[in-house]
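Asks:
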Amino acid sequence: MDYFGAFAISASGMSVEKTRLDVVALNLANVHSTRTAAGTLYQPLTVISGAKPGAFAAALAGASSAALGAQVHDVRPVPAPPRLVHEPGHPDADAKGFVAYPGVNTLNEMVTMIAATRAYEANVAALNAARVMALRALEIGGNR
Amino acid sequence: MNVEPVGFLPPSLDVASAAHADAASPADFARWVAKEIGATSEKIVQSDRMLQRLAAGEVDNLHQVMVSLEEARLSFQLLVQVRNRLLEAYQDVLKMQV
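Chain order of the listed sequences is A and B. For what it's worth, the working numbering labels the leading residue of the first sequence as 1, then goes sequentially. For what it's worth, the working numbering labels the leading residue of the second sequence as 145, then goes sequentially.
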């Protein structure tokens, strides 16, 4: 059924928003990390997403709409300067007693999290609308 | 009095042959139903498999499981509705006075 195309599009949007939420959770989890496993300072990440290359008109003309939707292009580090805190007793403190914490902006991360949650909800709403439309179409002529 | 001829119908309109030309043969319909039943069964099996993988913790996207379940449900609903219409038509024919 052609309603499955709408399902696939909404599902791709949900995947992107879930990736965004994962990245926000990763940033928030590492807000106090002074070093990664590689020994470097953790860099906050951000998700770059975009539309899939398939053209909507082509999909409407009969091509598969599975090529439509959104996708994650890249998860790249944000060049945020580290937060320096004076903690001379810390094992990761430098010669002047400063510890470098990742430049995670907690406020921005929370806003991104809320926006991702709302966008996910919007995708669910679109999918439910497509489902309701399909079920209503199946009701045509019934219950006579 | 001059009666206008019916102009909007094509001159060679033959109802019987037109009905026969476009109608799908019963075998076509049976094949379509069989194909749809197969596709629906495949969708149900697929969502069942996704549910098992979810229970085993191998699925990272919950929404894909739900979408798959919804697709299976919609396919099944389509089949049920087609069957309902078929049965209604059949019973209408059975109840027909001869």
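Don't be surprised by glycine CBs; every beta carbon is placed ideally from N, CA and C. The model shown is predicted, which means the values in this text are computed figures rather than measured ones.
For B:T184, does the count of other Cβ atoms within 10 angstroms reach 16, so buried, or fall short, so exposed?
Replies: The residue given as residue 184 of chain B occupies position 40 in the second sequence. Its Cβ being crowded by 16 or more others within 10 Å, B:T184 is buried.
Asks: Could you pull out every residue in the same chain whose Cβ sits closer than 7 Å to the Cβ of B:N228, ignoring the five residues on either side in sequence?
Replies: Looking up residue 228 of chain B in the second sequence gives position 84. Within the same chain, B:N228 has no close Cβ partners at all.
Asks: Consider the Cβ of A:R131: report whether some Cβ of chain B lies at a distance smaller than 9 Å.
Replies: Here the question's residue 131 of chain A lines up with position 131 in the first sequence. With 9 Å as the cut-off, A:R131 counts as an interface residue toward chain B.
Asks: Using three-state DSSP, classify B:L241 as helix, strand or coil.
Replies: In the second sequence, residue 241 of chain B corresponds to position 97, counting from 1. According to the sequence displayed, residue 241 of chain B carries Gln and not Leu. Of the three classes helix, strand and coil, the one that applies to B:Q241 here is coil, per DSSP.
Asks: What does A:H86 pair with, by DSSP beta-bridge criteria?
Replies: Reading the first sequence from its first residue, position 86 is the one you call residue 86 of chain A. Per DSSP, A:F98.
Asks: Could you name the residues of chain B that A:M14 contacts, counting a contact when the two beta carbons are closer than 7 Å?
Replies: Position 14 of the first sequence, counting from 1, holds the residue named residue 14 of chain A. Those within 7 Å of A:M14 in chain B are H207.
Asks: Identify the continuous beta strand (DSSP E) that holds B:R175 and give its terminal residues.
Replies: Within the second sequence, numbered from 1, the residue matching residue 175 of chain B stands at position 31. Counting along the chain, B:R175 falls outside any beta strand (DSSP E), though it belongs to the alpha helix (DSSP H) covering 170-199.
Asks: Let me know the secondary structure DSSP gives A:I9 once reduced to three states.
Replies: The residue given as residue 9 of chain A occupies position 9 in the first sequence. A:I9 falls in the helix class under three-state DSSP.
Asks: Would you list, in chain order, the members of the stretch 10-34 of chain A that have their beta-carbon closer than 8 Å to a beta-carbon of chain B?
Replies: Against chain B - using a Cβ distance shorter than 8 Å - the residues of the stretch 10-34 of chain A are S10, A11, M14, S15, K18.
Asks: Between A:T19 and A:V47, what straight-line distance do the alpha-carbon atoms span, to the nearest angstrom?
Replies: Taking the first residue of the first sequence as 1, we reach residue 19 of chain A at position 19. Taking the first residue of the first sequence as 1, we reach residue 47 of chain A at position 47. Near 8 Å, if we compare the C-alpha coordinates of A:V47 and A:T19.
Asks: Along chain B, which residues have their Cβ under 9 Å away from the Cβ of A:L127?
Replies: Numbered from its first residue, the first sequence carries residue 127 of chain A at position 127. Near A:L127 (Cβ distances below 9 Å), the residues of chain B are H207, M210, V211, E214.
Asks: Would you kindly work out how many angstroms separate the C-alpha atoms of A:M133 and B:V203, rounded to a whole number?
Replies: Walking along the first sequence from the start, residue 133 of chain A turns up at place 133. Walking along the second sequence from the start, residue 203 of chain B turns up at place 59. Rounded to whole angstroms, A:M133 to B:V203 spans 28 Å at the Cα level.
Asks: Of all the CB atoms in chain B, is at least one closer than 9 Å to the CB of A:G69?
Replies: If you number the first sequence from 1, residue 69 of chain A lands on position 69. It does not; no Cβ of chain B falls within 9 Å.
Asks: Just to confirm, is the Cβ distance from A:G103 to A:I9 under 9 Å?
Replies: As a working mapping, residue 103 of chain A is identified with position 103 in the first sequence. As a working mapping, residue 9 of chain A is identified with position 9 in the first sequence. Cβ atoms of A:G103 and A:I9: not closer than 9 Å.
Asks: Measure the beta-carbon distance from B:Q225 to A:G142 and round it to whole angstroms, keeping in mind my assumption that it falls under 8 Å.
Replies: Locating residue 225 of chain B in the second sequence gives position 81, where the first residue counts as 1. Locating residue 142 of chain A in the first sequence gives position 142, where the first residue counts as 1. Correct: roughly 7 Å between the Cβ atoms.
Asks: Would you say the stretch 187-197 of chain B touches the stretch 207-220 of chain B, given that touching needs at least three Cβ pairs under 8 Å?
Replies: Cβ pair count under 8 Å is three or more, so yes.
Asks: Could you work out which residues of chain B lie near A:Y3, taking near to mean beta carbons separated by less than 9 Å?
Replies: Start at 1 with the first residue of the first sequence, and residue 3 of chain A comes out as number 3. What A:Y3 touches in chain B: E215, L218.
Asks: Using DSSP with H/G/I as helix, E/B as strand and the rest coil, what is A:I114?
Replies: Reading the first sequence from its first residue, position 114 is the one you call residue 114 of chain A. A:I114 falls in the helix class under three-state DSSP.
Asks: For A:L21 and A:A38, I'd like the C-alpha separation in whole angstroms.
Replies: By 1-based counting over the first sequence, the position of residue 21 of chain A is 21. By 1-based counting over the first sequence, the position of residue 38 of chain A is 38. Whole-angstrom Cα-Cα distance: 24 Å.
Asks: Between which two residues does the beta strand (DSSP E) harbouring A:V75 extend?
Replies: Sequence index remark: in the first sequence, residue 75 of chain A carries index 75 (1-based). Element bounds for A:V75: 70-77.
Asks: Apart from the five residues on each side of it in sequence, which residues of its chain come closer than 6 Å, Cβ to Cβ, to A:A126?
Replies: Along the first sequence, one-based indexing puts residue 126 of chain A at 126. Cβ within range, chain order: S10.
Asks: Leaving aside the five residues before and after A:V16 along the sequence, list all residues of the same chain whose C-beta is less than 7 Å from its C-beta, in chain order.
Replies: On the first sequence, residue 16 of chain A is found 16 positions in, with the first residue counted as 1. Around A:V16: S49, A70, Q71, V72.
Asks: So with CB distances below 8 Å, who are the chain A contacts of B:N228?
Replies: Sequence index remark: in the second sequence, residue 228 of chain B carries index 84 (1-based). Here the neighbours are G142.
Asks: Using beta carbons (cut-off 9 Å, strictly below), is B:L222 in contact with chain A?
Replies: Position 78 of the second sequence, counted from the first residue, corresponds to residue 222 of chain B. Yes, B:L222 lies at the interface with chain A (some Cβ there is under 9 Å from its Cβ).
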